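Peer 1: One structure coming up, written as structure tokens, with questions to follow.
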Amino acid sequence: MTSEIVLIIIGMGIVTYIPRMLPFVLFSQLNLPEFWQNVLKNVPFATLGALIVPSVFLIREDWTFGAVGAITAFIASYLGANVFVVVLCSISVLCLYSLYF
Amino acid sequence: MQSTTVMNHRSEFIQGLQVGVSIAIGYFPVAITFGLLAERTGLTLMETVMMSAIVYAGAAQYMSLSLISAHIGAWEIILTTFIVNIRHFLMSASLNEKVENDSIWKKVLYSFGITDETFSVAAVRKETVTTSYMFGLCLMAYGSWVVNSGIGHVVGGNLPLFLQDSMGIALYALFIGLLVPSLKKHRKIVVLAALSAVINSFFVFTGLLSTGWSIVAATLCSSLAVEWFLKKYKQRVRKDD
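Those protein sequence lines, which keep their order, are chains A and B.
Per the working numbering, the first sequence starts with residue 1, numbered consecutively.
Per the working numbering, the second sequence starts with residue 102, numbered consecutively.
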């Protein structure tokens with residue numbers, strides 16, 4: 001184990017942990033104004049939008065591969081399947097898709 | 102009384118673990134691939150597992166491998182990691198508004214487990230997000246990430262390619278599965294997610310921002326714009342009354 005790699009890992013660990021932990025300390029006593037509380041409540045849904053698009057279309061060079069998986073997931077979860085089933089459906093459909101195309 | 106509390110803690114913890122299984126499956130291919138690439142980059146098994154255990158952030162770990170193999174200096178790698186992961190600040194700030202009130206030390210401890218995925222799962226939960234639930238959820242996801250990185254280092258190359266590729270959809274399927282039930286209920290959420298997706302795509306395709314910053318910018322712009330619009334809209338409705 002080279003010591004430089006270990007140093008890099010520890011440094012990466014510290015700078016990754018700080019943004020995760022800091023808000024819980026900073027905002028624990030502080031009550032944010034209502035407007036900002038509402039903005040923070042919007043964050044999960046906006047984050048999900050940005051996490052999905054455009055990355056899902058870039059899994060393979062051929063964007064239809066990701067699109068097939070995404071549409072499968074959308075349909076499964078629209079029909080009320082729980083997250084676990086949605087994930088499995090999507091993987092299975094893409095397995096079939098990559099065997100046939 | 103005390104035994105009911107213990108029971109509740111336990112069932113919340115178990116629920117967290119159960120929901121975490123979807124994330125664990127999603128991490129499987131990503132962690133396996135990381136382990137495989139780490140081995141090719143020249144990291145030992147020990148270093149690979151250590152990086153997953155201490156850093157615990159997929160995108161940043163991938164990026165660090167390409168920087169390490171390009172012989173980029175330690176400080177630059179650490180700075181890049183910080184930039185890629187700064188989005189967690191926004192997620193923790195958002196989650197802080199939603200979690201059960203508990204001692205700050207417990208929050209500081211489970212905050213280590215906040216990732217795009219654990220955050221998304223906890224943030225869309227209908228019930229209160231309890232401390233026990235957070236520990237269960239984060240432990241399951243973390244375990245999968247660390248263990249599978251190690252497995253990837255040892256056997257990764259032997260996994261058939263079509264399976265690796267197909268499992269690459271897992272995390273996106275997870276995100277979609279978390280988003281759709283809320284989309285169905287509120288039009289506001291459709292706008293929030295769509296606007297953010299458009300802004301993010303703009304930054305990614307124009308190359309104006311790196312992935313980490315792009316997600317932060319898209320999330321902030323969309324959350325702010327929608328809230329600002331709603332505020333103006335409500336004021337106008339009140340004026341018309």
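For every residue, glycine included, the Cβ atom is placed at its ideal position computed from N, Cα and C.
The structure presented is a predicted model; accordingly, all values stated were derived computationally and were not measured.
What's the C-alpha gap between Val-56/A and Asn-82/A?
Peer 2: Residue mapping note: residue 56/A aligns to position 56 of the first sequence, counting from 1. Residue mapping note: residue 82/A aligns to position 82 of the first sequence, counting from 1. For Val-56/A and Asn-82/A, the distance between alpha carbons rounds to 20 Å.
Peer 1: Short of 8 Å Cβ to Cβ, which residues in the segment 38-65 of chain A face chain B?
Peer 2: Asn-38, Val-39, Leu-40, Lys-41, Asn-42, Val-43, Pro-44, Phe-45, Ala-46, Thr-47, Leu-48, Gly-49, Ala-50, Leu-51, Ile-52, Val-53, Pro-54, Ser-55, Val-56, Ile-59, Arg-60 and Phe-65
Peer 1: Does Leu-260/B have its Cβ less than 8 Å from a Cβ in chain A?
Peer 2: Taking the first residue of the second sequence as position 1, residue 260/B is located at position 159. It does not; no Cβ of chain A falls within 8 Å.
Peer 1: So if DSSP puts Val-344/B in a beta bridge, which residue, or which two residues, is it bridged to?
Peer 2: Residue 344/B lies beyond the residue range present for chain B, which begins at 102 and ends at 342; the question has no answer from this structure.
Peer 1: Taking CB distances under 8 Å as the criterion, tell me whether Met-102/B reaches chain A.
Peer 2: What you label residue 102/B is simply residue 1 of the second sequence in a count that begins at 1. Interpretation of Met-102/B is limited by its pLDDT of 47, a score under 50 that renders its predicted location unreliable; the figure taken from the coordinates is listed afterwards. Output row for Met-102/B: interface = no.
Peer 1: Use the C-beta contact count for Val-188/B: other C-beta atoms within 10 angstroms, 16 or more gives buried, fewer gives exposed.
Peer 2: Indexing the second sequence from 1 puts residue 188/B at position 87. Correcting the residue identity first, residue 188/B is Arg in this sequence and not Val. Arg-188/B should be labelled buried.
Peer 1: Between Gly-269/B and chain A, is the shortest Cβ-Cβ distance under 8 Å, so that the two count as touching?
Peer 2: One-based indexing of the second sequence puts residue 269/B at position 168. Closer than 8 Å to some Cβ of chain A, the Cβ of Gly-269/B qualifies, so yes.
Peer 1: Determine, for Pro-23/A, whether the minimum Cβ-Cβ distance to residues of chain B falls below 8 Å.
Peer 2: Residue numbering aside, residue 23/A sits at position 23 when the first sequence is read from its first letter. By this cut-off, Pro-23/A is an interface position.
Peer 1: Can you tell me which of the three DSSP states Ile-59/A falls into?
Peer 2: For this step, residue 59/A is matched to residue 59 along the first sequence. Here Ile-59/A sits in coil by DSSP.
Peer 1: Mind checking Pro-33/A: buried by the 16 CB within 10 Å criterion, or exposed?
Peer 2: Your numbering for residue 33/A matches position 33 in the first sequence. Residue environment analysis places Pro-33/A among the exposed positions, since fewer than 16 neighbouring C-beta atoms fall within 10 angstroms of its C-beta.
Peer 1: Considering Cα atoms alone, identify which of Ile-205/B, Ile-178/B and Leu-137/B is closest to Val-15/A.
Peer 2: Looking up residue 15/A in the first sequence gives position 15. Selected option, being the one with the closest Cα: Ile-178/B.
Peer 1: Does the distance from the C-beta atom of Ile-70/B to that of Arg-20/A stay below 8 Å?
Peer 2: Outside the displayed span of chain B (102 to 342) sits residue 70/B, for which this structure offers no information.
Peer 1: Examine the Cβ distances between the segment 294-309 of chain B and the segment 115-132 of chain B and report whether three or more of them are shorter than 8 Å.
Peer 2: no
Peer 1: Candidates Gly-143/B, Val-327/B and Ile-316/B: which alpha carbon is nearest Leu-191/B's?
Peer 2: Locating residue 191/B in the second sequence gives position 90, counting from the first residue. That would be Ile-316/B, whose Cα lies nearest to the Cα of Leu-191/B.
Peer 1: Report the three-state DSSP secondary structure of Tyr-211/B (helix, strand or coil).
Peer 2: Walking along the second sequence from the start, residue 211/B turns up at place 110. It is helical.
Peer 1: Quick check on Tyr-334/B - is its C-beta less than 8 Å from some C-beta in chain A?
Peer 2: Locating residue 334/B in the second sequence gives position 233, where the first residue counts as 1. No, no contact with chain A.
Peer 1: Closer than 8 Å by C-beta to Val-87/A: which residues in its own chain qualify, once you throw out the five before and the five after it? Chain order, please.
Peer 2: Walking along the first sequence from the start, residue 87/A turns up at place 87. So the qualifying residues of the chain are Ala-73.
Peer 1: Ile-133/B and Leu-293/B - do their beta-carbons sit closer together than 8 Å?
Peer 2: Numbered from its first residue, the second sequence carries residue 293/B at position 192. Numbered from its first residue, the second sequence carries residue 133/B at position 32. Going by C-beta atoms, Leu-293/B is not nearer than 8 Å to Ile-133/B.
Peer 1: Give the residues of chain B in contact with Ser-98/A, contact being defined as C-beta atoms less than 8 Å apart.
Peer 2: To locate residue 98/A, count along the first sequence from 1; it is residue 98. By Cβ distance, chain B contributes Phe-263, Asp-266 and Ser-267.
Peer 1: Please check if any C-beta of chain B sits within less than 8 Å of the C-beta of Ala-67/A.
Peer 2: Position 67 of the first sequence holds residue 67/A. For Ala-67/A, the closest Cβ of chain B is not nearer than 8 Å.
Peer 1: Near Gly-253/B, which residues of its chain fall below 7 Å by C-beta distance, leaving aside the five closest residues on each side in sequence?
Peer 2: Here residue 253/B refers to the residue found at position 152 of the second sequence. For Gly-253/B, where only same-chain residues beyond five positions count, the Cβ hits under 7 Å are Ala-132, Ile-133, Thr-134, Phe-135, Gly-136 and Leu-137.
Peer 1: Ignore the nearest five residues each way along the sequence and tell me which others in Ile-300/B's own chain have a CB closer than 8 Å to its CB.
Peer 2: Taking the first residue of the second sequence as 1, we reach residue 300/B at position 199. Cβ neighbours of Ile-300/B beyond the five flanking positions: Ala-318, Ala-319, Cys-322 and Ser-323.
Peer 1: What three-state label does DSSP hand Gly-11/A in the structure shown?
Peer 2: Position 11 of the first sequence holds residue 11/A. It is helical.
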